[in-house]
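In terms of the numbering used here, the sequence shown opens at residue 1 and continues consecutively. Ideal Cβ positions, reconstructed from N, Cα and C, are used throughout, including at glycine. Since this is a predicted model, take the numbers as computed values, not measurements.
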Amino acid sequence: MSFCYCGRVAADRVAWTDANAGRRFKNCIGGTNGCRYFQWVDGPLCSRAQVVIPGLLRRLRDMEANYENQVLEAQKRENKKWRLRMCVVCLVWLVLYVFSGSEKK
């Protein structure tokens, strides 16, 4: 456990910038009133990791967005099917109502 300049416990965090993706650091938990304490926990990333990790993160985000779009499209298809079923049921009821009324005359 390490403490920042103002005496608080320094928070463990992970950087997700392109230059430091996945690199751990500690900083003050004081927010805007914090003492600006900052210390890297991990060493710097090699140049290859600085290229590969952001690319993998972008691919992951793209895959997640694609999945969300597929889920939304599936929900839209299900809603259309449900509306169609309800229209058919209402139409059958209407036809039955009309024919049951004409038989009473």
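Mind checking who D12 pairs with in its DSSP beta bridge?
K26
Pull up the DSSP beta-bridge partners for F38, would you.
N27
Name the DSSP bridge partner or partners of Q3?
The sequence given here has Phe at residue 3, not Gln. DSSP output for F3 lists V9 as bridge partner(s).
Indicate the three-state DSSP secondary structure (helix, strand or coil) for D18 in the structure shown.
coil
Can you tell me which of R83, N33, L96 and L57 puts its alpha carbon nearest to the alpha carbon of W16?
L57
Rank A21, D42 and R61 by C-alpha distance to the C-alpha of Q50 and give the top, closest one.
A21
Helix, strand or coil: how does DSSP classify P44 here?
coil
Environment of R28 [buried if 16+ CB atoms lie within 10 Å]
The identity of residue 28 in the sequence shown is Cys, whereas the question assumes Arg. Counting Cβ neighbours within 10 Å, C28 comes out buried, since at least 16 surround it.
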